[in-house]
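If you read the sequence shown in this note's numbering, its first letter stands for residue 654, the second for the next number, and so on.
Backbone N, C-alpha and C define an ideal beta-carbon position, used for all residues, glycine too.
The structure presented is a predicted model; accordingly, all values stated were derived computationally and were not measured.
See below for the structure under consideration.
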Amino acid sequence: MFSCFLLALTTPAFAEPLAKSLFGAKTTGSQQAAAPFGSYAKGCVAGAVQLPESGPTWQAMRLSRNRNWGHPETIDYIKKLSTFARNQRGWSGLYIGDISQPRGGPMLSGHRSHQIGLDIDIWMLPANNLNLSRKHRENISSISMRRSKGAFVNSNWTPQHHAILRAAAKDKRTARIFVFPGAKVQMCKDEKGNRKWLRKIRPWYGHHYHFHVRLKCPRGMKGCVNQAAPPKGDGCADAQKWVNDILSPPPPKPRDPNAPKPKPRREYVLSDLPKQCRSVLQSQ
């Protein structure tokens, strides 16, 4: 069986299986030093650590996906932020959604990012019960925070959500946090203290059932590619523009009838990923 796997890794690119099939088949992390390789949407992670299914201040959700793996810095980050969340009224900790597959890489379904063990989806649902069974964690859903297609927060939004997002952004390891536009605008209105952390809160499509934390490449990880830093400033004006466009959509841009049709996005094969990803797959 191992020889078949090696053959798959050494076949020409045109005959290679899809990278998502190779990485999606792995059920454990590689026996290597922890290191992310490549970028958030095109890479892999060596030596990933599995977030325990349950802890004193968190529970990992949707366990059947086996996506509760990340770089050790990511696991430490979750433990620290969930401890902060435990001290918020109505919260006992955090419900953690997808992090990465055991060796990162493209996923069989869902995300384009979450490939190098540095992305975390955190549910908006207050984690007030940390004794959920595996079955319950497959069936329970988070709750939406948005109103008017994301232009505003709804009645589920609380000061505790604001506090947890602020704590998440203030951690020096955080590169950015994706959340729906109305939440960013609400935080801009409500924040009365230092506003520097708001720069890291970025409006993005969806992200009203969860917020998405993206960590910076850990120090010294030369094979890891950081995303460009967010624009300077608190970003509140940009978020307000998103909201304005939701409420009063701008007219669609004229379509050039002679423009070629966009090509469908090609699925990655192993040779598309950083060269280190081959050894990540081969490691026992």
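So is Gly757 buried or exposed if we call it buried at 16+ other beta carbons inside 10 Å? Position 104 of the sequence shown, counted from the start, is the residue given in the question as residue 757. Buried, by the Cβ-count rule.
Going residue by residue through the region 792-841, where are the continuous beta strand (DSSP E) segments of at least 3 residues, counting only ones entirely within it? 827-832
Distance, Cα to Cα, Ala701 vs Lys845? The residue labelled residue 701 in the question sits at position 48 within the sequence shown. The residue labelled residue 845 in the question sits at position 192 within the sequence shown. C-alpha separation (whole angstroms): 39 angstroms.
Taking DSSP as the reference, what is the three-state secondary structure of Asn784? Position 131 of the sequence shown, counted from the first residue, corresponds to residue 784. In the structure shown, Asn784 sits in coil (DSSP, three-state: anything other than H, G, I, E or B).
Buried or exposed, going by whether 16 or more other CB atoms sit within 10 Å of the CB of His789? Here residue 789 refers to the residue found at position 136 when the sequence shown is read from its first residue. Exposed.
Is Gln754 near Val933, with beta carbons less than 8 angstroms apart? On the sequence shown, position 101 is the one that residue 754 refers to. On the sequence shown, position 280 is the one that residue 933 refers to. No, the Cβ-Cβ distance between Gln754 and Val933 is not below 8 angstroms.
Taking the alpha carbon of Lys837 as the point to measure from, which residue in Gly803, Thr681 and Pro907 has its own alpha carbon closest? To locate residue 837, count along the sequence shown from 1; it is residue 184. Out of Gly803, Thr681 and Pro907, Gly803 has the C-alpha closest to the C-alpha of Lys837.
How is Val698 classed by DSSP in three states: helix, strand or coil? Mapped onto the sequence shown, residue 698 falls at position 45. Here Val698 sits in strand by DSSP.
Whose C-beta lies closer than 8 angstroms to the C-beta of Met840 among residues of the same chain, with five residues either side of it excluded? In the sequence shown, the residue the question calls residue 840 occupies position 187. The residues are His815, Leu818, Arg819, Leu851 and Ile854.
Could you tell me the distance, in whole angstroms, from the CA atom of Ser795 to the CA atom of Pro910? As a first step, residue 795 must be located in the sequence shown, where it is residue number 142. As a first step, residue 910 must be located in the sequence shown, where it is residue number 257. Straight-line Cα distance between these residues: approximately 42 angstroms.
Quick one: what's got a C-beta closer than 8 angstroms to Gln880's C-beta in the same chain, skipping five residues either side? The residue you call residue 880 lines up with position 227 of the sequence shown. The answer, listed in chain order, is Ser692, Tyr693, Ala828, Arg829 and Arg867.
Please identify the residue among Lys842, His764 and Ser674 whose C-alpha is closest to the C-alpha of Ala890. On the sequence shown, residue 890 is found 237 positions in, with the first residue counted as 1. Selected option, being the one with the closest Cα: Lys842.
With a cut-off of 8 angstroms on the beta carbons, I'd call Trp711 and Ser735 a contact; round off their distance for me. Within the sequence shown, residue 711 is the residue found at index 58, counting from 1. Within the sequence shown, residue 735 is the residue found at index 82, counting from 1. Correct: roughly 4 angstroms between the Cβ atoms.
Asp772 (DSSP reduced to helix, strand or coil): Working through the sequence shown from its first residue, we reach residue 772 at position 119. Here Asp772 sits in strand by DSSP.
Within 8 angstroms, do at least three Cβ pairs link the region 674-682 to the region 737-755? yes
Which residue or residues does DSSP assign as beta-bridge partners of Leu747? Position 94 of the sequence shown holds residue 747. Paired residues: Trp711.
Flag this pair as yes or no: are the beta carbons of His863 and Met777 separated by less than 8 angstroms? The sequence position of residue 863 within the sequence shown is 210, counting from 1. The sequence position of residue 777 within the sequence shown is 124, counting from 1. Taking 8 angstroms as the Cβ cut-off, His863 and Met777 qualify as a contacting pair.
Taking C-alpha atoms, which residue in Trp810, Lys869 and Arg799 lies nearest to Phe833? Taking the sequence shown and counting its residues from 1, the one referred to as residue 833 is at position 180. The shortest Cα separation from Phe833 among Trp810, Lys869 and Arg799 belongs to Arg799.
Output the distance between the C-alpha atoms of Gln741 and Pro709, rounded to the nearest integer angstrom. As a working note, residue 741 is residue 88 in the sequence shown. As a working note, residue 709 is residue 56 in the sequence shown. Between Gln741 and Pro709, the C-alpha separation is close to 15 angstroms.
Ignore the nearest five residues each way along the sequence and tell me which others in Ala713's own chain have a CB closer than 6 angstroms to its CB. Here the question's residue 713 lines up with position 60 in the sequence shown. These residues qualify, in order along the chain: Leu704, Glu706, Asn721 and Ile749.
Boundaries (first-last residue) of the beta strand (DSSP E) holding Arg689: The residue you call residue 689 lines up with position 36 of the sequence shown. Here the sequence assigns Pro to residue 689, which means Arg is not the residue at that position. From DSSP, the beta strand (DSSP E) with Pro689 extends over Ala688 to Ser692.
Got a sec? Which residues, its chain only, sit under 7 angstroms from Trp744 by beta carbon, not counting five neighbours each side? Mapped onto the sequence shown, residue 744 falls at position 91. The answer, listed in chain order, is Ala738, Pro779, Ala780, Asn781 and Gln813.
Nearest to Asn672 (by Cα), restricted to the options Pro689, Ala688, Gly876 and Gly696: Within the sequence shown, the letter at position 19 stands for residue 672. Per the sequence shown, residue 672 should be read as Ala rather than Asn. The residue with the shortest Cα to Cα distance from Ala672 is Gly696.
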